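Colleague: Residue numbers (the working numbering): 30 to 390. All C-beta atoms, glycine included, are put in the ideal place defined by N, C-alpha and C. This structure is a prediction, so every number in the text was calculated from the model and none was measured.
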């Protein structure tokens, strides 16, 4: 159905945000209304388990050890034990730390069982995608977790999730931001295979669906076909009009979706705040601002919305077919293996010795 455009006004590039605006993008805030559109999820309020102090102590520490009794058959790290620390170095003056999160372990195992044996994790807003390389890629894909240890390992190895632990960062750009403690939720989502070519990011500003960007930065031949692009945009526009517009409590937001192979069905993946820290992918926010301003004029040549951006050439500057995603976050497996059972000081000394030996050889 046709959309009545707002009365033309001059907009800033970014909307004014409040903490409530950012909090409304948490999965826990919108899951109840949209659970029939999205991936089945379990939301664990860590504080309600009484284990927030212990969890924060573990996640914030320099230790590379995982919580006690969380390990599984293919976890790379092992939980800490004083014996392991004592045997690793007779000169060590302190034993390895032991972190215990029994209730969180149980909640994670319950979710894994509920969803058929595998989940993928995120915190309030952020998924540990940058640490996906750390888990062996067996029958599942990236972020495929079958034990609490897998979940902990992804969280501990991720640089991204620090955003969700710091209220200053989480509520950056909010007019009412305060440095108060953040309620941290662990979200465990049923593991489903998602084809990266069908993942799209969609931009809504002042209740106008402005643009759709391909999320994966690889070139796909079939995304260049005009009929495919039209079908894709029509489906996303209809989904937004029928399901999100008027139901989601905001005029400015960014939502991620995955399309079915025939481009007729949509799965809602995530909702993000419309702010600089949300990656605009193949757009810039200035370009989206210009689209918004143009859309609210009476010009007959204004573009049909949403505007679609895809990787349109193998030579596209954003194409990275031969580069691993988040490659800068990776570290050698030898470093991971050598770290087991050692304190940080012992590990550094052992790593330096290994490097020196390698140079001699």
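(1) Could you spell out the range, first to last residue, of the alpha helix (DSSP H) harbouring residue 284?
(2) Which first and last residues belong to the beta strand (DSSP E) in which residue 232 is found?
(3) Within the chosen definition, does the segment 141-151 reach the segment 171-181 through at least 3 CB pairs nearer than 8 Å?
(4) Quick one, which of 249, 166, 204 has its alpha-carbon nearest residue 45's?
(5) How should residue 198 be labelled, buried or exposed, when 16 other C-beta atoms within 10 angstroms of its C-beta is the threshold for buried?
(6) Thinking C-beta only, is residue 73 closer than 8 Å to residue 147?
(7) Which whole runs of the alpha helix (DSSP H) in the segment 256-335 are 4 residues long or more, in chain order?
(8) Quick one: using the 10 Å Cβ neighbour count with 16 as the cut-off for buried, is residue 315 buried or exposed?
(9) Less than 8 Å separating the beta-carbons of residue 295 and residue 265?
(10) Tell me whether residue 157 is buried or exposed, calling it buried when 16 or more other Cβ atoms sit within 10 Å of its Cβ.
(11) Helix, strand or coil for residue 150? Go by DSSP, reduced to three states.
(12) Spell out whether any CB of chain B is found under 8 Å from the CB atom of residue 204.
(13) Quick one: what does DSSP say residue 397 is sitting in, helix, strand or coil?
(14) Nearest CA to the CA of residue 310: which residue from 275, 346, 329?
(15) Pull up the distance between the alpha-carbon of residue 59 and that of residue 277, whole angstroms please.
(16) Just the Cα atoms here: how many angstroms apart are residue 96 and residue 84?
(17) Please list the terminal residues of the continuous beta strand (DSSP E) segment that includes residue 219.
(18) Can you tell me whether DSSP reads residue 71 as helix, strand or coil?
Modeller: So, to answer that:
(1) No alpha helix (DSSP H) contains residue 284, which is instead part of the beta strand (DSSP E) from 282-288.
(2) In the DSSP annotation of this structure, the continuous segment of the beta strand (DSSP E) that includes residue 232 starts and ends at 228-234.
(3) With the cut-off at 8 Å, the segment 141-151 and the segment 171-181 touch.
(4) When each option's Cα is compared against that of residue 45, the closest is 204.
(5) exposed
(6) no
(7) Those alpha helix (DSSP H) runs which fall completely within the segment 256-335 and span 4+ residues are 314-324.
(8) exposed
(9) yes
(10) buried
(11) strand
(12) You won't find chain B in this structure, because it holds only one protein chain.
(13) Nothing about residue 397 can be read from this structure; the chain reaches only from 30 to 390.
(14) 346
(15) 8 Å
(16) 9 Å
(17) 214-219
(18) strand
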